[in-house]
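Only one structure is covered here, and it is reproduced in the block below.
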Amino acid sequence: MEEVNILKAGHPLLKDRSEDITEFGSEALSELINRLFMTMRSHHGAGLAAPQIGISRRVIVYGIQNNPRYPDAEPIEETVLINPEIYFYSNVENEYYEGCLSLPQLRGLVPRANMIQYRARTVDGEHIDKTAFGFEARIIQHEVDHLEGILYPSRMQDMSTFKYLEA
Ligand code: NI
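Residue numbers (this note's numbering): 960 to 1126.
Structure below.
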């Protein structure tokens, strides 16, 4: 499979609201999912949303397994969420330095809900309704933001924490 480029902040597609997937179990959908996982792994990302590879559709993937970008993170199973919708956010939040493959080398402190409840569809179109906590909840919130055209700097409350990793 060819190398897939990740769109960088400033690209208009990253500011659009992505469209729902309406056809499940198609070859086009599994190809999109494969490209997302391949691209996420090759860039050592913890998650990736379809608009980041130029596809304005509501598909996200995430997962962490021995990831050098997140050496201290607990492993998270590789997951696909289609048309995800977060319908509950806990009042309790935590702050953590987030990164994004569309803003390479940068990190910023972002508050996110500790716990979320969300609905989504699987690859085959099955409905799921789940709860996520901690880092997984953070990743889902970050990736769902991508589907709304939102990048994490818009979620930061203290811009003085926005910095280059190397600094
Ligand atoms: Ni991102």
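Note that CB positions come from ideal geometry on N, CA and C, so glycine has one too.
Predicted, not measured: the structure shown is a model, and the values here were computed from it.
What residues in its chain sit with their C-beta under 6 angstroms from that of residue i, if we drop five residues either side in the sequence?
i, result
"G1004", "L1060"
"A987", "none"
"R1078", "E1044 and D1088"
"G1058", "R1066"
"R1114", "V1069"
"T1090", "Q1076"
What residue from the options has the CA that sits closest to residue i's CA?
i, options, result
"D1104", "G969, D975 and T998", "D975"
"R994", "E1044, Q1116, H1101 and V1039", "V1039"
"S1049", "D1088, F1092 and I1035", "F1092"
"E1036", "G1006, E1054, P1010 and D1117", "G1006"
"Y1046", "V1069, D1088 and E1125", "D1088"
"G1013", "G1022, V963, T1090 and Q1116", "V963"
"N1053", "R1017, V1069 and S977", "V1069"
"D1117", "M997, I965 and Y1055", "Y1055"
"L966", "F996, P1010 and H1002", "P1010"
"A1008", "N1042, P1034 and S1113", "N1042"
"H1002", "E1125, Y1021, L991 and S1015", "Y1021"
"S1015", "P1112, R1000 and E1102", "E1102"
Counting only the same chain and skipping the five closest in sequence on each side, list residues whose C-beta sits under 8 angstroms from that of residue i.
i, result
"S989", "V1082"
"L991", "A1009, I1014, R1016 and V1018"
*asked:* Below 8 angstroms, how does it come out for the stretch 1118-1125 and the stretch 1062-1080: are there three or more Cβ pairs, yes or no?
replied: yes
*Check whether the stretch 980-993 touches the stretch 1025-1034, counting contact only when three or more Cβ pairs, one atom from each stretch, lie closer than 8 angstroms.*
no
*asked:* Across the stretch 1070-1084 and the stretch 1097-1107, are there enough close Cβ pairs to call them in contact, namely three or more that are closer than 8 angstroms?
replied: yes
*asked:* Is it the case that the stretch 1081-1094 contacts the stretch 1106-1118, given that we only count it when at least three CB pairs across the two stretches are under 8 angstroms?
replied: no
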